[in-house]
Every structure is written in C-alpha cells, then in structure tokens.
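Student: Before I ask anything, here is the structure I am working with.
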Amino acid sequence: MDQFQDILNQYLSGKTTSPNVYPQAMQNAANQTNAQNSLQPYPQQPTPGYSALSGLTPIEPSNQPQSEMLYNDEYLNAILQKFVGHKVLVEFLIGTNTLTDRSGYLLEVGANYLILNEMETDDLLICDFYSVKFVRVYL
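In this note's numbering, the protein residues as written are 6 to 144.
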C-alpha cells in the first residue's frame, strides 16, 4: 500500500510523466488485496496433551528478568528446581490445622506453583506453592 501511495504522490505532483503509472499501481494494489483475501485460516487442530509438549521449550522474552526465588538457593523454589524429575511427597497446610499430602514426580516449579505427576492416576496436579509446608524428595 505504501508503494501505491508513493506512485500516486509522484503522479499527482507531476514528477512522473508516464500515464500508465497510476493504473499500474491500482492493479498492484488490487493484486495484493486479492492475495490477502485468498489466504485461508489454518484448520483447527486438537490441543495436544502435556506429555506431547514436555520436550518443548517455552518461549520467554530474554529481556525480562526472572524472579529471584527461581535461582537463589535461599528460596525453596530454587532448591526444588534441582529435584525436577524426582519422586516427591509434598505436605500442604489447609486452613489452620489440617495437613494433607500428595505424592508424584515433580515436573515443574514456578514462582508460586509446582506441578506433580501423580503416580497412581498419571494425572497432573498443579499445586499452590504458598500452602506447601514440607517436601520429601526420594533420591
């Protein structure tokens, strides 16, 4: 479209003497519009499961700083990241005095969550990190 504007401006200002410049620019713009209109959207694909995506690397902007708790060993998050792939038993405090535990393979640790792959059901369990009280790592 910018090419069309440039040619049109040249023609109207008298900088070009070719009478065919304007119709040629119109034809080029029409061809570009037809090419854009002929594009078909991608067909809908089923969303793959987590296991299909486990080998992929997430896209993260390199200019964004990572949270300190993900790489500083003074935080539990950073320590747990070293044990990704290990079998763990995680105890959670629910309310003021109820402890419950979950076990499975530690898949991922974030700033405020962790993901377990439960052994009994092979389901993914996404856990709130702030209710975690104890983590047992089986080496």
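Glycine included, each C-beta is placed from N, C-alpha and C at the ideal position.
Return the first residue and the last residue of the alpha helix (DSSP H) that N82 is part of.
Tutor: On the sequence shown, residue 82 is found 77 positions in, with the first residue counted as 1. Taken as a continuous stretch (DSSP letters only), the alpha helix (DSSP H) holding N82 covers 81-86.
Student: Could you check the C-alpha separation between S108 and S72 for me, to the nearest Å?
Tutor: Here residue 108 refers to the residue found at position 103 when the sequence shown is read from its first residue. Here residue 72 refers to the residue found at position 67 when the sequence shown is read from its first residue. When rounded, the distance between both Cα atoms is 26 angstroms.
Student: Beta strand (DSSP E) containing E123: first to last residue?
Tutor: By 1-based counting over the sequence shown, the position of residue 123 is 118. Counting along the chain, E123 falls outside any beta strand (DSSP E), and DSSP gives it neither H nor E.
Student: Three or more C-beta pairs under 8 angstroms: does that hold for the segment 99-106 against the segment 123-132?
Tutor: No contact exists between the segment 99-106 and the segment 123-132.
Student: Under the three-state reduction of DSSP, which class applies to L75: helix, strand or coil?
Tutor: Counting from 1 along the sequence shown, the entry for residue 75 is found at position 70. Looking at L75 - three-state DSSP - the assignment turns out to be helix.
Student: When we look at the beta-carbon of N82 and count the other beta-carbons within 10 Å, is it buried (16 or more) or exposed?
Tutor: Taking the first residue of the sequence shown as 1, we reach residue 82 at position 77. Buried.
Student: From the DSSP output, which residues share a beta bridge with V114?
Tutor: Within the sequence shown, numbered from 1, the residue matching residue 114 stands at position 109. V114 is bridged to L119.
Student: Taking DSSP as the reference, what is the three-state secondary structure of V26?
Tutor: Stepping through the sequence shown from its first residue, residue 26 is reached at position 21. For V26, the predicted model reports a pLDDT of 48, less than 50, meaning its position is unreliable; a value from the coordinates is still stated below. Helix, per DSSP.
Student: Rounded to whole angstroms, what is the Cα-Cα separation between K138 and V95?
Tutor: Taking the sequence shown and counting its residues from 1, one reaches residue 138 at position 133. Taking the sequence shown and counting its residues from 1, one reaches residue 95 at position 90. One C-alpha to the other measures close to 8 angstroms.
Student: How big is the Cα-Cα spacing for E113 and D127?
Tutor: Sequence index remark: in the sequence shown, residue 113 carries index 108 (1-based). Sequence index remark: in the sequence shown, residue 127 carries index 122 (1-based). Computed Cα separation, rounded: 15 angstroms.
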